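**Student:** My questions will all concern the structure given below.
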Amino acid sequence: MNLSDTNVVKWLILFRDKIDIYYKSNNDNFYINAGNVKEVNQELLNTYIYLDQLIIVSDLTEKQKALIELFYEGFTYRDIAYYTKTTAQRIERRLKSICTKICKTNKKRWIIWTHENYLNSEFKRCRSCHKNLPKTKSIYRVRSDFKGDGFYGECKECEKNKRK
1 MNLSDTNVVK
11 WLILFRDKID
21 IYYKSNNDNF
31 YINAGNVKEV
41 NQELLNTYIY
51 LDQLIIVSDL
61 TEKQKALIEL
71 FYEGFTYRDI
81 AYYTKTTAQR
91 IERRLKSICT
101 KICKTNKKRW
111 IIWTHENYLN
121 SEFKRCRSCH
131 KNLPKTKSIY
141 RVRSDFKGDG
151 FYGECKECEK
161 NKRK
């Protein structure tokens, strides 16, 4: 499964209540449940752990996180639309937007990880978000006057957020 694919992220969110049998499980008494233990799919469990981390670090609003929780609980587009007095199509568009944000966050994390662990790139601290990011053209804008290290002090994402 690839968490850079919006359809995969959407599927994982929509069907968590059906496929993740341990979601919101409060019972950790394995002696009582030993006869009822189902085989744990480690890959799926790790995928959901990573997805949960992505949801936390993605730039999602509280409403978007609440929408994800509703899907996790098994609500459908229609159910959520009914209770929020909107349309199922609008809920579907919101979920698509959420999945896109999560995928972008995943892609950015993998780029940073690759630069750090395989490419041994130089890193630079953004003066706005204070994150250490790879000093590359895809992350920082190149200075036309070539002053300093040749890159502006803010990452492209922070520059974009300032313009909003």
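1 is the number of the first residue of the sequence shown in full-length UniProt numbering; add one for each residue after it. C-beta atoms are modelled at their ideal positions from N, C-alpha and C, and glycine is treated no differently. Predicted model, so just to flag it, every value in this text is computed and none were measured.
Of the choices R78, A88, K162, whose alpha-carbon is the least far from that of S128?
**Tutor:** Within the sequence shown, residue 128 is the residue found at index 128, counting from 1. Closest option to S128, Cα to Cα, is K162.
**Student:** Whose CA, out of W113, I139, R143, G148, lies closest to the CA of K160?
**Tutor:** Position 160 of the sequence shown, counting from 1, holds the residue named residue 160. Nearest option by C-alpha distance: I139.
**Student:** On the DSSP bridge list, what partners appear for K124?
**Tutor:** On the sequence shown, residue 124 is found 124 positions in, with the first residue counted as 1. DSSP output for K124 lists L133 as bridge partner(s).
**Student:** Considering only their Cβ atoms, is the gap separating A88 from Y77 smaller than 8 Å?
**Tutor:** Position 77 of the sequence shown, counting from 1, holds the residue named residue 77. Position 88 of the sequence shown, counting from 1, holds the residue named residue 88. Yes, they are a contact pair.
**Student:** Where does Y140 fall in DSSP's three states?
**Tutor:** In the sequence shown, counting from the first residue as 1, residue 140 sits at position 140. It is a strand residue.
**Student:** Please classify F151 as buried or exposed, where buried requires at least 16 other C-beta atoms within 10 Å of its C-beta.
**Tutor:** Numbered from 1 along the sequence shown, position 151 holds the residue referred to as residue 151. F151 comes out buried.
**Student:** Check whether the Cβ atoms of L133 and K147 sit closer than 8 Å, and answer yes or no.
**Tutor:** Counting from 1 along the sequence shown, the entry for residue 133 is found at position 133. Counting from 1 along the sequence shown, the entry for residue 147 is found at position 147. Against a cut-off of 8 Å, the Cβ pair of K147 and L133 comes out as no contact.
**Student:** I need the straight-line Cα distance from R90 to N117, nearest angstrom please.
**Tutor:** To locate residue 90, count along the sequence shown from 1; it is residue 90. To locate residue 117, count along the sequence shown from 1; it is residue 117. Straight-line Cα distance between these residues: approximately 41 Å.
**Student:** Mind checking I80: buried by the 16 CB within 10 Å criterion, or exposed?
**Tutor:** As a working mapping, residue 80 is identified with position 80 in the sequence shown. I80 should be labelled buried.
**Student:** Does the distance from the CB of R93 to the CB of Y48 come in under 8 Å?
**Tutor:** Along the sequence shown, read from residue 1 onward, the residue named residue 93 stands at position 93. Along the sequence shown, read from residue 1 onward, the residue named residue 48 stands at position 48. No, Cβ-Cβ distance for R93 and Y48 is not below 8 Å.
**Student:** Closest by CA to N7, which one among Y23, K96, H130?
**Tutor:** Looking up residue 7 in the sequence shown gives position 7. With distances taken between Cα atoms, N7 lies closest to K96.
**Student:** Take T100 and list the residues in its own chain whose beta-carbon comes closer than 8 Å to its own, dropping the five residues that flank it on each side.
**Tutor:** Taking the sequence shown and counting its residues from 1, one reaches residue 100 at position 100. Counting only Cβ-Cβ distances below 8 Å, and skipping sequence neighbours, we find T6.
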